[in-house]
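Here's the structure we're looking at; comments come further down.
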Amino acid sequence: MRNEVKKVTTFDIISLVVGVILVFIALVAINAKKLMKAVLFLSGLSMLSVVAFVMMKAPDVAITEAVIGSGLVTALFVFTLLATKKKEETK
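Using this note's numbering, the final residue of the sequence shown is 127, and nothing's skipped along the way.
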């Protein structure tokens, strides 16, 4: 048997960088002190996962994540946080 060395491609490097950034943003979102910052980091995490899905050649999942994960869920979180702040101010 011959030992073959796998060459590292640009795609491998980009995939590794995207994966590391995904983990970093997730940890930052978990450790965020303010809820609004956590929501924004989760939105960024969702958008970066769209990039990862496109790189994995899953455009249908990427579109769904972009619409539902980044758009709708982020909007719901923001409106919910604003609504709870208004109720706290009125008490």
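We treat Cβ as the ideally placed atom computed from N, Cα and C, and that holds for glycine.
Can we count residue i as close to the ligand ADP, meaning its CB is less than 7 Å from some heavy atom?
i: A119; result: What this structure holds is no ligand at all, so the ligand ADP is not there to describe.
Can you round the beta-carbon distance between residue i and residue j to whole angstroms, since I take them to be within the 8 Å contact cut?
i: L58; j: L81; result: 6 Å
i: L78; j: A65; result: 5 Å
i: V54; j: V87; result: 6 Å
i: E101; j: F89; result: 6 Å
Got a sec, what are the start and stop residues for the alpha helix (DSSP H) residue i sits in?
i: A88; result: 71 to 91
i: G108; result: Before going further, note that residue 108 is Leu rather than Gly in the sequence given. Run containing L108: none; DSSP gives neither H nor E here.
i: V53; result: 46 to 67
i: V97; result: 95 to 100
Starting from the Cα of residue i, find the closest Cα among the options and give me that residue.
i: F47; options: K121, M91, L112; result: M91
i: K121; options: M72, K42, A111, G107; result: M72
i: L108; options: V41, V75, P95, K123; result: V75
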